[in-house]
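Read in order, the letters of the sequence shown correspond to residues 146 to 222 in my numbering. The beta carbon of each residue, even a glycine, is placed where N, CA and C say it ideally should be. Predicted model only: the values in this text are computed from it and were never measured.
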Amino acid sequence: MTEVPFPSLSKDNPGAEGVVSTWFVRDGETVAADQLLAEVQVDKVAAEVPSPAAGVVRLLVEEEAAIEQGTAIARIE
């Protein structure tokens with residue numbers, strides 16, 4: 146199992162909360178390594194999150210739910 150963390154986008158405020166603005170996959174979907182999983186946003190900074198491994202994705206947060214940077218947003222099983 147591999148966790149997919151919310152990336153650190155705010156270097157000045159590493160504890161800042163952000164949101165998963167868009168999921169590109171559904172829970173239970175099989176993904177390839179480096180496949181785009183989500184777009185995340187902190188303040189006005191957005192980034193795409195690729196899958197660190199191949200496997201079945203398990204989403205841990207819903208779109209637009211506030212979450213602290215560094216916290217797992219998904220697992221790859």
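- With respect to the 8 Å criterion, Val176 and Ile218 are not classified as neighbours on the basis of their beta carbons.
- Considered as a whole, the segment 179-205 harbours 181-187, 190-195, 200-204 as its complete beta strand (DSSP E) runs of no fewer than 3 residues, in chain order.
- The distance from the Cβ of Glu184 to that of Ser166 is about 5 Å, consistent with a contact at the 8 Å cut-off.
- Between Ala211 and Val164, the C-beta gap is smaller than 8 Å, which places the two residues in contact.
- Here the C-alpha atom of Glu209 lies approximately 13 Å from the C-alpha atom of Ala191.
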